[in-house]
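For the sequence shown, position 555 matches number 542 in my numbering, and the numbering has no gaps at all. Heads up, the beta-carbon is just placed ideally off N, CA and C, and yes, glycines get one too. One structure below.
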Amino acid sequence: MNRQGFKKALIVVHDLVMTGVAVIVTFFVRFEGPHLGDRLVYLPAFLPFFIVFASIVYWFFHLYRSKWRFASLPDLFNIFRASAVLALALLVVDYIVLSPQLFGSFFFGKITIALYWLVQMFLLGGPRLAFRYFKYARSRHTLDRNANTPTLLLGRGTDIEMILRAIETGTVKKMRPMGILSYREDDLGQTIRGVPVLGTFADLDQVVQDFQERGEVIRRLVATPSALTPEAHPDMLLARSRRLGLPLVRVTSLGEGMRDAELAPLEIEDLLLRPTVQIDRRRLEKFIRGKRVLVTGGGGSIGSEICTRVVAFGASDLMIVESSEPSLYHILENPTLLSSDTHVDGVIADVRDRDRVRRIMRDFAPDVVFHAAALKHVPYLERNWTEGVKTNVFGSVNVADAAVEAGVGEIVIISTDKAIDPVSMLGVTKRFAEMYAQALDAEFRSRHGAPRLIAVRFGNVLGSVGSVVPKFKAQIARGGPVTVTHPDMVRYFMTTREAADLVLTSASHADDGRHIPVSAKLSYERASVYVLKMGQPVRIYELAERMIRLAGYEPGDDIEIAVMGTRPGERLHEILFARDEPMAEIGIDGVMAAKPIFADRAKVDQWLDALDKAVIEGDRAAAERVFEEAIPEFKRRQQGLQPPAPAEPIRLASG
């Protein structure tokens, strides 16, 4: 038995022993003399059956799932309900089975049962609260004894209370909270878990100075999610922290007890987006827990984040397929993967090697495959189009075929918004990969238990390799200029964490077989392409201006913005749906579904043969003719046309 199983066994033993003790204590408190003796005689016959019944009740109310060090009101409420059920059971037994009509008197009586109820709740809940207080007192002693970092906490009461609890329980270490700053004046004068609210964000300079005058130097600022909402003006917070020379970190997760708490440096890109979508963690845990997952391109920006998320949601095994040795090493050394219960392994392989992919898929036998391996930089693929076709088209074909052959239940192709009305080699190769996956999915549609093949489309990801935000940061660090291809260029953005979670959400929806709602224009059984809602597009020129201001400079005066001109294959406006493409809500926030029109398997195979010949001969014109036939919208590229602009891009407020 492992350590976790031993702890759970101790909890079970404790609760069952306390059940027997509660009955005995109740009798000794309630009865005396012969009345007590008469009842104690029958206890050996009654108590074992009652304890077995109590164990079932405790299991039903999840008393064994929660850790005592995180005992909270929901846990006490479950104890209240379980004790009430046991008391009610005694009442039924006493008044029906052991009624005065049979034995001439009540064995328990109403007062005895009410007393038992109180004693039982005390014996179950008291030790839990005592254990939690013991842990709290010990952590407070450790905080006072150790040289932890003096810290100011930033945000509203609910978030602050959670992080304070995490500090007390040791989930967040090396931090000594000295005070709280809130952006709301009505929080002033309050105290949260013994830590006072000292002022608003505007008082940051004065509060830091006051501590310094008292001989306490603040070393760190911690921003909770509420501190980064637009109404809190996080731009000002970041600027003040930089002026004071204080590191500002953000809490990347909040939950009951903050068991999965993470702290990360606050970066400029954290302030550039709309609020992220609220993820249904239970849904994703239900979908991933206990499954074997394979991720191609697992060392890349999206692939590595998918790896960390499937581990966080309880995958039993994870296989990472990566063609880059340094990237594979980097993801396998990720602390999240190393500290998890998931068995993680990785192999060096190129998805273009069909036999290698088939062997890996057959040997590992995954339940779910996420295909994130791709070549994705527009200018490079315009110059090296054959490599784009080999990886994005034939690599995807190899992964899909190998997964189907290995009996995989769910195959997810990571696509891009550039696949819609494509004007570049990146877009058209990814669109063709989508079509192949959908052709296979349609082929299996009528088979019960057949694999699902879906594509998930989204736009630019902040912080990914080659993304504009890291590029702008590097250019600002060098003193400029910041290069923009066109003053009217607009793009969609989301974080890697949100993108990965929504990819998993899309896969879970495809897996559970729910139908898309019927509408007047659209009615089909299951989604074939999922599209992540990217919010409003952002004007890249204004993004550059804001990033310069957040770094403490003035655009044009301190750092220049240079317009370089659009590159081959680029367009000014990205779109997520084709004009004639049916789309529908699926009832999940952050995700929509589309059903593109695609050819049958036989026709797609003909196009693949023609593409293979074009690549071998290096005939780009022949390859483009295949793409034009398969994807008529691609003709716009040769005609020099741009698809219509989407919604008006959001204008970023100046720093």
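Just checking my contact of T138 with R201 at CB under 8 Å: how many whole Å lie between their CB atoms? The residue given as residue 138 occupies position 151 in the sequence shown. The residue given as residue 201 occupies position 214 in the sequence shown. Actually they are not in contact, since the Cβ atoms of T138 and R201 sit about 16 Å apart, beyond 8 Å.
Indicate whether V455 and V399 have their beta-carbon atoms separated by less than 8 Å. Residue mapping note: residue 455 aligns to position 468 of the sequence shown, counting from 1. Residue mapping note: residue 399 aligns to position 412 of the sequence shown, counting from 1. No, these two residues do not count as a Cβ contact at 8 Å.
Just tell me which of D337, F357 and D342 has its CA closest to the CA of R279. Position 292 of the sequence shown, counted from the start, is the residue given in the question as residue 279. Residue F357 is the option with its Cα nearest to R279.
Quick check: the Cα distance between K153 and L362, rounded to an integer number of angstroms? On the sequence shown, residue 153 is found 166 positions in, with the first residue counted as 1. On the sequence shown, residue 362 is found 375 positions in, with the first residue counted as 1. For clarity, residue 153 is Ala in the given sequence; the question names Lys instead. Cα to Cα, A153 sits roughly 41 Å from L362.
Along the chain, where does the alpha helix (DSSP H) that runs through R279 open and close? One-based indexing of the sequence shown puts residue 279 at position 292. Segment R279 to T283 is the beta strand (DSSP E) holding R279; no alpha helix (DSSP H) there.
Could you check which residue in V184, I98 and I548 has the C-alpha nearest to that of E532? To locate residue 532, count along the sequence shown from 1; it is residue 545. Here the closest residue by C-alpha is I548.
Which listed residue (K161, S495, A189 and S411) has its alpha carbon closest to that of E172: Counting from 1 along the sequence shown, the entry for residue 172 is found at position 185. Residue A189 is the option with its Cα nearest to E172.
If you compare alpha carbons, which of I275, L185 and R465 is closest to T329? Residue mapping note: residue 329 aligns to position 342 of the sequence shown, counting from 1. Per the Cα distances, I275.
Which residues mark the beginning and the end of the alpha helix (DSSP H) in which D644 is found? In the structure as shown, the chain begins at -12 and stops at 642. Residue 644 is therefore absent and cannot be evaluated.
Of the residues N385, G166 and V16, the one placed nearest T178, counting alpha carbons only: On the sequence shown, residue 178 is found 191 positions in, with the first residue counted as 1. Selected option, being the one with the closest Cα: G166.
What is the residue span of the beta strand (DSSP E) that Y51 lies within? Within the sequence shown, residue 51 is the residue found at index 64, counting from 1. Here Y51 belongs to no beta strand (DSSP E), and DSSP marks it neither H nor E.
Are the beta-carbon atoms of F621 and A426 separated by less than 8 Å? As a position in the sequence shown, residue 621 is number 634, starting the count at 1. As a position in the sequence shown, residue 426 is number 439, starting the count at 1. Contact flag unset, no.
May I ask you to list the residues that DSSP assigns as paired with H330? Taking the sequence shown and counting its residues from 1, one reaches residue 330 at position 343. Beta-bridge pairing links H330 to D304.
Tell whether a beta-carbon distance below 8 Å holds between V602 and K377. Within the sequence shown, numbered from 1, the residue matching residue 602 stands at position 615. Within the sequence shown, numbered from 1, the residue matching residue 377 stands at position 390. Cβ distance < 8 Å, so V602 and K377 count as in contact.
Check each candidate in L116, A76, G113 and T187 and name the one with the smallest Cα separation from I100. Reading the sequence shown from its first residue, position 113 is the one you call residue 100. Of the candidates L116, A76, G113 and T187, the one whose C-alpha sits nearest the C-alpha of I100 is A76.
When you compare the CB positions of I618 and P409, do they come within less than 8 Å of one another, or not? Indexing the sequence shown from 1 puts residue 618 at position 631. Indexing the sequence shown from 1 puts residue 409 at position 422. Taking 8 Å as the Cβ cut-off, I618 and P409 qualify as a contacting pair.
C-alpha gap between M412 and E615, whole angstroms: The residue labelled residue 412 in the question sits at position 425 within the sequence shown. The residue labelled residue 615 in the question sits at position 628 within the sequence shown. Those two C-alpha atoms are separated by around 12 Å.
Does DSSP classify I275 as helix, strand or coil? On the sequence shown, residue 275 is found 288 positions in, with the first residue counted as 1. I275 falls in the helix class under three-state DSSP.
Does DSSP classify L235 as helix, strand or coil? Along the sequence shown, read from residue 1 onward, the residue named residue 235 stands at position 248. It is a strand residue.
What did DSSP end up calling S383 once you bin it into helix, strand or coil? Along the sequence shown, one-based indexing puts residue 383 at 396. Helix.
Smallest Cα separation from D388: which of L235, I98, D592 and R229? Here the question's residue 388 lines up with position 401 in the sequence shown. Nearest option by C-alpha distance: D592.
Would you identify the three-state DSSP class for L509, choosing helix, strand or coil? Residue 509 sits at position 522 when you count from the first residue of the sequence shown. Per-residue confidence for L509 stands at a pLDDT of 38, beneath the threshold of 50, marking its modelled position as unreliable; the derived number appears in the next sentence. If DSSP states are grouped into helix, strand and coil, L509 belongs with coil.
Give me the Cβ distance between I527 and M476, rounded to the nearest whole Å; I'm assuming they're in contact under 8 Å. Taking the first residue of the sequence shown as position 1, residue 527 is located at position 540. Taking the first residue of the sequence shown as position 1, residue 476 is located at position 489. Contact flag correct, Cβ pair sits at about 4 Å.
Boundaries (first-last residue) of the alpha helix (DSSP H) holding V518: The residue given as residue 518 occupies position 531 in the sequence shown. V518 -> not in any alpha helix (DSSP H); beta strand (DSSP E) instead, spanning V516 to L519.
Leaving out five residues before and five after A597 in sequence, what residues of the same chain have Cβ atoms less than 6 Å from its Cβ? Here the question's residue 597 lines up with position 610 in the sequence shown. Same-chain partners within the cutoff: V613.
Start and end residues, beta strand (DSSP E) containing A549: Indexing the sequence shown from 1 puts residue 549 at position 562. Per DSSP, A549 belongs to the beta strand (DSSP E) from I548 to V550.
Which same chain residues, not among the five before or five after K417, have their C-beta less than 6 Å away from its C-beta? To locate residue 417, count along the sequence shown from 1; it is residue 430. N379, S402, T403 and A406.
For M476, the residue or residues it bridges with in DSSP: Indexing the sequence shown from 1 puts residue 476 at position 489. For M476, DSSP assigns no beta-bridge partner whatsoever.
Where do the N-terminal and C-terminal ends of the alpha helix (DSSP H) with T416 fall, by residue? Residue numbering aside, residue 416 sits at position 429 when the sequence shown is read from its first letter. Run containing T416: M412 to E430, per the alpha helix (DSSP H) assignment.
Would you report the Cα separation of P313 and A336, rounded to the nearest angstrom? Taking the first residue of the sequence shown as 1, we reach residue 313 at position 326. Taking the first residue of the sequence shown as 1, we reach residue 336 at position 349. Taking the Cα positions, P313 is about 13 Å away from A336.
Same chain, Cβ closer than 7 Å to L595, five either side skipped, listed in chain order: Here residue 595 refers to the residue found at position 608 of the sequence shown. Excluding residues within five positions, the ones whose Cβ falls inside 7 Å are V384.
Contact set for V308: own chain, Cβ-Cβ below 8 Å, skip 5 residues either direction: The residue you call residue 308 lines up with position 321 of the sequence shown. Excluding sequence neighbours, V308 sits near L281, V282, T283, G284, G285, G333, V334, A336, V338, V344, I347 and A360.
Label A589 either buried or exposed according to how many other C-beta atoms from any shown protein chain fall within 10 Å of its C-beta, with 16 as the threshold for buried. Within the sequence shown, residue 589 is the residue found at index 602, counting from 1. Exposed, by the Cβ-count rule.
DSSP three-state assignment for H364, whether helix, strand or coil: Residue numbering aside, residue 364 sits at position 377 when the sequence shown is read from its first letter. Of the three classes helix, strand and coil, the one that applies to H364 here is coil, per DSSP.
What whole-angstrom Cβ distance do Y170 and A117 have, given they're in contact under 8 Å? Working through the sequence shown from its first residue, we reach residue 170 at position 183. Working through the sequence shown from its first residue, we reach residue 117 at position 130. Y170 to A117, Cβ: 37 Å. No contact.
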